[in-house]
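Residue numbers (our numbering): 3 to 117.
Everything on this sheet refers to the single structure shown next.
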């Protein structure tokens, strides 16, 4: 085996390598903490925006609720009126059919030859 390779490994002591790894880990940990802090800030902003949006929606609902209640009341009245019209049309249709049958019978009588 080549002695140069072995000597290169021994150039840095075990302690130096361990300390270098610790330093790298500390750097990575610091970066992770910074990212975590940034994410907390973003979360805080998003949460504040969501709360503001919920409050705005609640205010709008309170403003429009009486309008919708009025609309629903009117729609119920319209529905009842429509049902009454449907019932009246059924009666009218029945009366027209009876009248048509009566007219047809009268036509049949007038067309019969006199005996």
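Yeah, the Cβ is synthetic: ideal placement off N, Cα and C, and Gly gets one too.
Report the three-state DSSP secondary structure of residue 83 (helix, strand or coil). DSSP, read as helix, strand or coil, puts residue 83 in helix.
So for residue 41, helix, strand or coil by DSSP? Under the three-state reduction of DSSP, residue 41 is assigned to helix.
Quick one: grab the DSSP three-state call for residue 114. Residue state, collapsed to three classes: coil.
Reducing DSSP to helix, strand and coil, say where residue 62 ends up. Looking at residue 62 - three-state DSSP - the assignment turns out to be helix.
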